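J.: Per the numbering used here, the sequence shown starts with residue 19, numbered consecutively. Don't be surprised by glycine CBs; every beta carbon is placed ideally from N, CA and C. Small disclaimer: the values here were computed from a predicted structure and weren't measured.
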Amino acid sequence: MTRLAALIILGLSTAMAAAQTAAPRAARTAPPDTVGEFANFGQWQGASEFIDQVAARDGFGKPELQAWLKQAQYVDSAVQLMKPAPPGRPKNWTAYRLRFVEPVRINAGVTFWNENAEALARAEARFGVPAEIIVGIIGVETVYGRNTGNFRVMDAITTLAFAYPNTPNREARMAYFRKELENTLLFAREANIDPFSLTGSYAGAIGWPQFMPGSIRQFAIDFDGDGRVDLRNSPVDAIGSVANFLVQHGWRSGDPIVFPTSAGAGSVPALPGAASTWQGFIGQGLEATYTTEDLRTGGVIPAVPLPADLRYGLIDLQNGGGPTEYWIATNNFYAITQYNRSYFYAMSVVDLGRAVRVARGRQ
Numbered sequence: 019m020t021r022l023a024a025l026i027i028l029g030l031s032t033a034m035a036a037a038q039t040a041a042p043r044a045a046r047t048a049p050p051d052t053v054g055e056f057a058n059f060g061q062w063q064g065a066s067e068f069i070d071q072v073a074a075r076d077g078f079g080k081p082e083l084q085a086w087l088k089q090a091q092y093v094d095s096a097v098q099l100m101k102p103a104p105p106g107r108p109k110n111w112t113a114y115r116l117r118f119v120e121p122v123r124i125n126a127g128v129t130f131w132n133e134n135a136e137a138l139a140r141a142e143a144r145f146g147v148p149a150e151i152i153v154g155i156i157g158v159e160t161v162y163g164r165n166t167g168n169f170r171v172m173d174a175i176t177t178l179a180f181a182y183p184n185t186p187n188r189e190a191r192m193a194y195f196r197k198e199l200e201n202t203l204l205f206a207r208e209a210n211i212d213p214f215s216l217t218g219s220y221a222g223a224i225g226w227p228q229f230m231p232g233s234i235r236q237f238a239i240d241f242d243g244d245g246r247v248d249l250r251n252s253p254v255d256a257i258g259s260v261a262n263f264l265v266q267h268g269w270r271s272g273d274p275i276v277f278p279t280s281a282g283a284g285s286v287p288a289l290p291g292a293a294s295t296w297q298g299f300i301g302q303g304l305e306a307t308y309t310t311e312d313l314r315t316g317g318v319i320p321a322v323p324l325p326a327d328l329r330y331g332l333i334d335l336q337n338g339g340g341p342t343e344y345w346i347a348t349n350n351f352y353a354i355t356q357y358n359r360s361y362f363y364a365m366s367v368v369d370l371g372r373a374v375r376v377a378r379g380r381q
């Protein structure tokens with residue numbers, strides 16, 4: 019039995035699933051890559067409801083939708099990559115950072131900045147997002163257009179919409195990818211392209227900035243003035259779209275991003291004699307909610323004075339068995355996490371952008 023056959027137990031209609039439950043489970047060692055295997059997703063559980071809803075909402079013909087789902091192929095690697103990491107593996111900020119803030123990416127970032135200096139300056143002036151943050155995001159996402167993904171977006175998103183792995187949040191994630199599947203079809207219709215011509219990541223993200231189809235439709239802009247949005251071939255459109263995305267997610271021009279604590283890397287930031295309530299500041303959502311007085315009374319000591327009119331959060335960057343780093347974040351930091359909901363990701367963007375700026379200044 020292939021991995022796809024095993025997933026059909028979860029994904030096909032209830033009657034078909036029941037008929038398959040007695041079949042032996044496939045061995046988990048060295049599974050074959052089943053990319054290219056037709057799954058006829060139109061027959062999977064939830065497909066009929068999806069077709070009915072999208073046809074009613076968007077004016078697609080049901081036979082057309084059925085044909086697209088039948089044409090989509092199962093992407094096993096997308097399913098595997100969506101599975102959570104094995105339990106017990108500690109997070110390691112230092113190792114994560116080294117994947118992105120490294121010489122190849124920094125040098126590529128300098129070249130990208132030099133080649134697109136006008137567009138970056140224009141985006142910074144219009145949106146208030148520093149060039150280095152835009153450069154950091156595009157560098158972390160695709161190494162400045164080098165690694166945009168070779169999966170057919172329709173295959174990847176359809177697979178995850180109907181064959182998402184069996185995780186605690188499976189239903190919510192399938193609902194998300196079904197919405198992205200709908201957005202893929204709408205975007206293709208609006209752009210007058212074949213939906214199967216779109217390529218991207220294993221999750222269906224597209225182009226230089228790796229926007230999901232829904233984000234393309236909502237946040238991408240024509241920044242090069244050619245009359246169309248093209249995140250696959252236009253770095254200038256990518257630059258403007260990243261800046262617009264951040265502004266739409268709360269970026270405030272001129273505000274800082276993060277501040278170090280006085281303890282620096284490796285120590286718990288605690289004010290002697292203060293109530294040690296700082297641990298409660300961590301993990302309170304991706305939003306800055308605390309005042310400078312909240313931080314002070316909680317025992318958090320900033321390394322530099324904080325603007326009193328802003329709100330803050332405390333982020334922890336765990337280092338495996340080593341000391342954790344603690345930073346004080348503003349809503350601009352949390353705006354970056356709306357791109358990828360990870361402290362590690364957002365801090366890598368900040369650090370890569372800063373490293374590129376410094377390297378470029380040395381030229």
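Look at the alpha carbon of I149 and the alpha carbon of G127, and state the distance between them as a whole number of angstroms.
T.: The amino acid occupying residue 149 in the given sequence is Ala; Ile does not appear at that position. C-alpha separation (whole angstroms): 11 Å.
J.: Is T307 buried or exposed, if buried means 16 or more other CB atoms sit within 10 Å of its CB?
T.: exposed
J.: Which residues in the same chain have their Cβ closer than 8 Å to the Cβ of N262, if we skip the five residues on either side of it in sequence?
T.: F145, F237, A238 and I239
J.: If contacts are defined as beta-carbon pairs under 8 Å, then N349 and R329 qualify, I think. What distance do you get, rounded to the angstrom?
T.: 7 Å
J.: Taking Cβ to Cβ, would you say L335 is nearer than 8 Å to Y220?
T.: For the pair L335 and Y220, the CB atoms are not nearer than the 8 Å cut-off.
J.: Tell me where the alpha helix (DSSP H) around F59 begins and ends.
T.: From DSSP, F59 is part of no alpha helix (DSSP H); its letter is neither H nor E.
J.: By Cβ distance, which residues of its chain are closer than 6 Å to R250, with the 5 residues on each side in sequence left out?
T.: G225
J.: State whether the region 315–327 contacts the region 89–96, with contact taken as three or more CB pairs (one from each stretch) at a distance under 8 Å.
T.: no
J.: Under three-state DSSP, which class holds Q228?
T.: coil
J.: With DSSP as the reference, label Q266 as helix, strand or coil.
T.: helix
J.: When you compare the CB positions of V260 and I152, do they come within less than 8 Å of one another, or not?
T.: yes
J.: Within 8 Å, do at least three Cβ pairs link the region 184–203 to the region 226–236?
T.: yes
J.: The alpha helix (DSSP H) that contains R176, what's its start and end?
T.: The displayed chain sequence assigns Thr, not Arg, to residue 176. It spans V171 to F180 - the alpha helix (DSSP H) in which T176 sits, taken as one unbroken run.
J.: For the beta strand (DSSP E) containing Y344, list its first residue and its last residue.
T.: G340 to A347
J.: Nearest by alpha-carbon distance to W345: which of R196, V368 and G60 is it?
T.: V368
J.: Would you tell me roughly how many angstroms separate the C-alpha atoms of N184 and S280, rounded to the nearest one?
T.: As the crow flies, the alpha-carbon of N184 is around 43 Å from that of S280.
J.: How many angstroms separate the CA atom of L83 from the CA atom of P104?
T.: 37 Å
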